[in-house]
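> Each residue of the sequence shown is one higher than the one before, starting from 3 at the first, in our numbering.
Here it is, the structure in full.
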Amino acid sequence: MFTIITGSQFGDEGKGKVVDLLADKYDLIVRFQGGDNAGHTIIHAGEKFKLHIVPSGILAQPRLLIGPGVVMNPEILIREIEMLSENNIVITPERLGIDAKTSIIMPYHIQLDELGEATRSEKIGTTKRGIAYAYMDKIARDEVQLSDITDEKRFKKRVSEVLPQKKNLMRSLGKAPETDEKKWVNKYVGVGRKLKPYLTDVSHEVNDALSDGKKVLAEGAQGTYLDIIHGTQKYVTSSSTIAGSACTNIGIGPKRVTSVIGIVKAYITRVGEGPLPTELHGETGDRLRDRGGEYGTTTGRPRRCGWFDFPLLRKSVNLNGYTEIVLDVLTGLKPIKVCHAYKYKNKKFEYPPHETRVLAECTPEYTEFEGWDEEINCIRSYNDLPGNAKAYIEVSIPVTHVSVGPDRKEMIKKPSRVLHT
């Protein structure tokens with residue numbers, strides 16, 4: 003069995019919690035794209051773990067894998083492993099495997115990311131973690147891979163090949179490059195020694211596991227509308243975030259996929275720039291942000307918040323092929339609005355316009371619900387939910403699970419239904 007989990011919106015939908023909840027049912031959990039620009043928070047027994055690279059199933063027992071489609075800052079990975087160890091969660095090479103072809107984020111990627119954003123006339127809201135420039139090097143065939151930094155001689159040769167052009171690029175952006183790279187080269191050599199025992203062939207491991215009848219869960223980062231191809235260009239990330247990219251980035255055939263789970267928040271949030279048609283400003287937006295704790299795991303930036311957007315979800319279902327949806331609901335908002343369509347120049351859209359500039363100018367049309375005040379995080383049966391909550395949940399989405407709080411136990415199961423649009 004091969005299951006893919008992706009976010010259906012702009013990220014921060016609660017994927018980490020769902021992966022954590024399902025982890026015990028799987029033999030392998032694989033992170034298949036992105037880098038440390040995406041954060042996920044796991045809450046267990048009152049303890050909060052904020053992770054950026056280590057897959058979310060750390061509290062269960064499956065083997066964790068980081069696939070070759072990920073771009074990885076190795077220093078951050080080491081820090082996460084050490085933080086988990088301090089909390090009695092030991093990550094050994096038997097527990098975690100990292101593909102030898104995983105791209106490494108180098109110091110010059112981070113510097114270039116900062117320079118690139120600073121020189122833009124219109125900001126795109128990058129996290130400045132070097133993600134885009136690491137992916138650029140992958141496409142340009144100039145990447146440094148994990149296997150490179152585990153071999154000192156090969157690593158230094160690789161750096162000598164690519165560093166001159168990076169220095170020239172920095173100069174073109176108005177920054178004098180570092181003249182002494184020896185310090186960070188030696189640091190990366192040390193990190194490479196620590197990570198060498200974790201090297202593996204993720205594609206081989208996953209295909210063998212599936213052939214042996216084992217269960218594999220593929221964990222995506224960020225959300226559908228940050229996808230490099232299908233997202234709201236140019237306000238997107240640098241990798242493909244939709245379900246189909248799991249096959250490419252892990253290295254398995256599409257016939258292996260058995261289910262795709264979409265994570266949906268009952269309101270919508272976005273970090274950084276870009277269109278958000280239902281965005282709330284003023285007191286309602288502030289109340290929603292505070293009630294939902296909507297501050298970025300990676301940046302700490304306040305997330306922009308808006309009412310639920312059905313046109314975006316309809317397209318997300320098509321792009322990902324969801325077989326199940328998990329909806330995260332929130333108490334304490336009265337009334338609640340749901341966008342069921344857009345208006346643009348007297349035309350009605352029930353599906354988002356293809357062009358980002360048009361989406362940015364759309365006016366949402368709403369259906370209003372009463373909302374509810376009752377606390378629901380202790381409820382474990384769908385039938386026990388407040389009537390207004392069930393009315394909101396059932397408005398149009400075939401939901402299979404309802405999340406009623408941040409803890410892994412705060413999840414209600416509904417009968418599964420296949421989605422159609």
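Backbone N, C-alpha and C define an ideal beta-carbon position, used for all residues, glycine too.
Could you tell me the distance, in whole angstroms, from the CA atom of K185 to the CA atom of T250?
The residue labelled residue 185 in the question sits at position 183 within the sequence shown. The residue labelled residue 250 in the question sits at position 248 within the sequence shown. Distance between the alpha carbons of K185 and T250: 36 Å.
> Tell me where the alpha helix (DSSP H) around D22 begins and ends.
Against the sequence shown, residue 22 aligns to sequence position 20. Element bounds for D22: K17 to L24.
> Based on Cα-Cα distance, which residue from V273, I106, D139 and R131 lies nearest to G302?
Residue numbering aside, residue 302 sits at position 300 when the sequence shown is read from its first letter. Checked all of V273, I106, D139 and R131; the closest Cα to G302 is V273.
> Just the Cα atoms here: how many angstroms apart are R195 and P70?
Indexing the sequence shown from 1 puts residue 195 at position 193. Indexing the sequence shown from 1 puts residue 70 at position 68. Rounded to the nearest angstrom, the two C-alpha atoms are 19 Å apart.
> Answer with buried or exposed for L329, where buried requires no fewer than 16 other C-beta atoms within 10 angstroms of its C-beta.
Numbered from 1 along the sequence shown, position 327 holds the residue referred to as residue 329. With 16 or more Cβ atoms within 10 Å of its Cβ, L329 is classed as buried.
> Using the beta-carbon count (16 or more within 10 Å), is I338 buried or exposed?
By one-based count along the sequence shown, residue 338 stands at place 336. By the 10 Å Cβ count, I338 comes out buried.
> F34 to Q147, Cα distance in whole Å?
Locating residue 34 in the sequence shown gives position 32, where the first residue counts as 1. Locating residue 147 in the sequence shown gives position 145, where the first residue counts as 1. Rounded to whole angstroms, F34 to Q147 spans 15 Å at the Cα level.
> With DSSP run on the structure shown, which of helix, strand or coil describes S261?
As a position in the sequence shown, residue 261 is number 259, starting the count at 1. Three-state result, S261: strand.
> Grab me the residues of M3's own chain with a C-beta within less than 6 Å of its C-beta, minus the 5 sequence neighbours each way, in chain order.
Residue numbering aside, residue 3 sits at position 1 when the sequence shown is read from its first letter. Once the five neighbours on either side are set aside, the close Cβ partners of M3 are K217 and T260.
> Considering only the beta carbon of each residue, do K17 and E221 sit closer than 8 Å?
Residue 17 sits at position 15 when you count from the first residue of the sequence shown. Residue 221 sits at position 219 when you count from the first residue of the sequence shown. In this structure, E221 lies closer than 8 Å to K17 by Cβ.
> Are three or more beta carbon pairs between the region 235-251 and the region 63-82 nearer than 8 Å?
yes
> From this set, G295, L278 and K267, which residue's C-alpha is nearest I395's C-alpha?
Here the question's residue 395 lines up with position 393 in the sequence shown. The residue with the shortest Cα to Cα distance from I395 is K267.
> Looking only at its own chain, which residues have a Cβ that is under 8 Å from the Cβ of I270, when we skip the five neighbours before and after it?
Working through the sequence shown from its first residue, we reach residue 270 at position 268. Taken in chain order, the residues that qualify are Q11, F12, L278, T280, C307, G308, W309, F310, D311 and L314.
> Leaving out five residues on either side along the sequence, give the residues of the same chain with a beta carbon under 6 Å from the beta carbon of I263.
Residue numbering aside, residue 263 sits at position 261 when the sequence shown is read from its first letter. Same-chain partners within the cutoff: I7 and E326.
> When DSSP labels each residue in this structure, what does G287 get in the three-state scheme?
Along the sequence shown, read from residue 1 onward, the residue named residue 287 stands at position 285. Of the three classes helix, strand and coil, the one that applies to G287 here is helix, per DSSP.
> Quick one: grab the DSSP three-state call for M3.
Taking the sequence shown and counting its residues from 1, the one referred to as residue 3 is at position 1. Three-state result, M3: coil.
> Along the chain, where does the beta strand (DSSP E) containing M413 start, and where does it finish?
As a working mapping, residue 413 is identified with position 411 in the sequence shown. Where M413 is concerned, the enclosing beta strand (DSSP E) stretches over M413 to K415.
> How far does the beta strand (DSSP E) with V187 in it reach, from first residue to last?
The sequence position of residue 187 within the sequence shown is 185, counting from 1. Here V187 belongs to no beta strand (DSSP E); instead the alpha helix (DSSP H) covers K184 to L197.
> Enumerated in chain order, which unbroken segments of the beta strand (DSSP E) with a length of 3 residues or greater are wholly contained in the region 76-110?
98-101
> Keeping to the same chain, check which residues put their C-beta closer than 8 Å to that of K130; ignore five residues upstream and five downstream.
For the purposes of this step, residue 130 is taken as residue 128 along the sequence shown, with counting starting at 1. Spatial neighbours of K130 in its own chain (CB-CB distance under 8 Å, excluding positions within 5 residues in sequence) are listed in chain order as I112, D115, E116 and E119.
> Contact between the region 170-184 and the region 19-38: three or more CB pairs below 8 Å?
no
> Is it buried or exposed for A142, if we count other Cβ within 10 angstroms and need 16 for buried?
Within the sequence shown, residue 142 is the residue found at index 140, counting from 1. A142 should be labelled exposed.
> Looking at the structure shown, is H206 part of a helix, part of a strand, or coil, going by DSSP?
Your numbering for residue 206 matches position 204 in the sequence shown. Helix, per DSSP.
> By alpha-carbon positions, which one of M108, V92, M85 and L79 ends up nearest to I100?
As a first step, residue 100 must be located in the sequence shown, where it is residue number 98. Per the Cα distances, L79.
> Enumerate in chain order the residues of its own chain whose CB-to-CB distance from V164 is below 6 Å, with the five nearest sequence positions on each side excluded.
Sequence index remark: in the sequence shown, residue 164 carries index 162 (1-based). Closer than 6 Å at the Cβ level, and outside the excluded window around V164, lie D144.
> What do you get for E82, buried or exposed, if any count of 16 or more other CB atoms within 10 angstroms of its CB means buried?
On the sequence shown, position 80 is the one that residue 82 refers to. E82 counts as buried, since at least 16 other C-beta atoms from the protein chains shown sit within 10 angstroms of its C-beta.
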